[in-house]
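Here is the structure we will look at, set down as structure tokens.
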Amino acid sequence: MFDVKGKKAIITGGAQGLGFSLVKAFHNEGVEIAVIDISHEILNIAEKIGNDGSTIHAVKGDLLHIESLRESFKKALEHLGGTVDILINSAGLIERKPAFEFSLESWNRILGLNVTSVFELSRLAAIEMKKQGSGKIMNMGSILSVLGGFHAAAYSTSKGAILQMTKSLSNEWACYGIQVNAIAPGYMLTTMNNDLVNDVERRVQVDARIPAKRWGTPEDVVGPALFLASSASDYVTGTLIPVDGGVLGR
Ligand SMILES: NC(=O)c1ccc[n+]([C@@H]2O[C@H](COP(=O)([O-])OP(=O)(O)OC[C@H]3O[C@@H](n4cnc5c(N)ncnc54)[C@H](O)[C@@H]3O)[C@@H](O)[C@H]2O)c1
């Protein structure tokens with residue numbers, strides 16, 4: 001039921017963090033993957049995971065620029081032989097700053113990657129998935145899809161939009177056998193949170209808010225992602241699954 005062996009996936013933001021952990025886990029489950037990332041590190045991803053490059057394909061591309069996004073998607077699809085079963089939109093950006101000091105340039109960058117690129121990639125993937133009558137699209141939301149956050153206005157706006165986009169696209173595409181869902185990680189130990197982790201005062205505040213009494217690890221998102229990628233979730237669509245050690249339930 002949870003078997004994803006032989007499926008083909010495109011995963012964005014897979015050079016590090018949650019995306020990397022998903023690439024590793026899905027590879028171990030027998031999924032062929034094309035990984036899109038802007039980082040140079042992406043070029044070593046197959047080697048890093050111990051694959052000879054036959055079932056993990058690296059596509060270096062900037063998802064903030066529409067031509068590069070479309071070219072990256074085209075290359076990813078070519079690597080996978082022209083079909084895609086699973087799309088995981090994990091690439092994302094945050095900038096923590098008071099709203100008074102926030103530049104519009106940063107605002108547009110964050111909304112551009114966290115929202116616009118997710119919409120366009122989902123649309124391109126769904127066009128292919130509709131042809132085969134099935135597909136799984138997974139977006140990385142956040143606890144800030146629901147909470148307002150602090151000093152992260154652009155980020156929480158973008159993740160709130162992910163929640164609505166997930167529902168909206170699910171409404172349109174469920175009838176084609178395409179499930180669109182989101183995962184809402186809480187406080188996870190990735191480089192995205194280095195500044196929080198290193199800020200002793202904030203770290204103590206965050207620690208106190210997590211009922212599980214620990215931060216999440218990149219491996220914590222693997223189980224829910226495999227569920228959402230497998231036929232076990234064929235009647236689950238348009239929803240947000242928190243992976244947050246209980247933060248949203250407080
Ligand atoms: N880490 C957390 O605590 C946390 C919490 C909630 C949600 N999330 C979400 O989960 C996702 C992954 O987060 P993470 O912690 O792994 O982040 P990360 O910063 O570790 O990794 C993000 C990846 O996205 C890539 N990327 C950045 N800009 C890009 C661009 N323009 N084009 C292509 N790739 C680009 C980076 O190179 C990197 O590999 C993000 O969407 C994030 O918002 C993370």
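Quick note: the sequence shown uses the numbering used here, first residue 1, plus one each step.
Built from N, CA and C at the ideal position, the CB exists for glycine as well.
The beta carbons of Glu120 and Leu69 sit closer together than 8 Å. Under the 8 Å Cβ criterion, the stretch 105–119 counts as touching the stretch 85–94, having at least three qualifying pairs. Relative to ligand 1, even the nearest heavy atom lies 7 Å or more away from the CB of Leu111. Check the Cα spacing between Ser134 and each of Ala76, Asp234, Leu63 and Leu124: the tightest is with Asp234. Ligand 1 never approaches Gln164 closely enough for any of its heavy atoms to be under 7 Å from the residue's Cβ. Contact check for Ala229 against Val4 passes: the beta carbons are separated by less than 8 Å. Just measuring C-alpha positions, the residue of Arg123, Thr55 and Ala34 sitting nearest Gly61 is Ala34.
At a cut-off of 7 Å, the beta-carbon of Asn193 counts as near ligand 1: some heavy atom of the ligand is closer than that. Going by C-alpha positions, Val23 is about 17 Å away from Met188. Burial of Leu77 is indicated by the presence of at least 16 other C-beta atoms within 10 angstroms of its C-beta. The beta carbon of Asp37 sits closer than 7 Å to at least one heavy atom of ligand 1.
Here Ala154 has Trp107 and Ile110 as same chain residues with Cβ atoms under 6 Å from its own Cβ, once five neighbours each way along the sequence are excluded. As computed with DSSP, Lys60 is found in a beta bridge with Asp37. Val200 sits in a helix when the DSSP states are folded into three classes.
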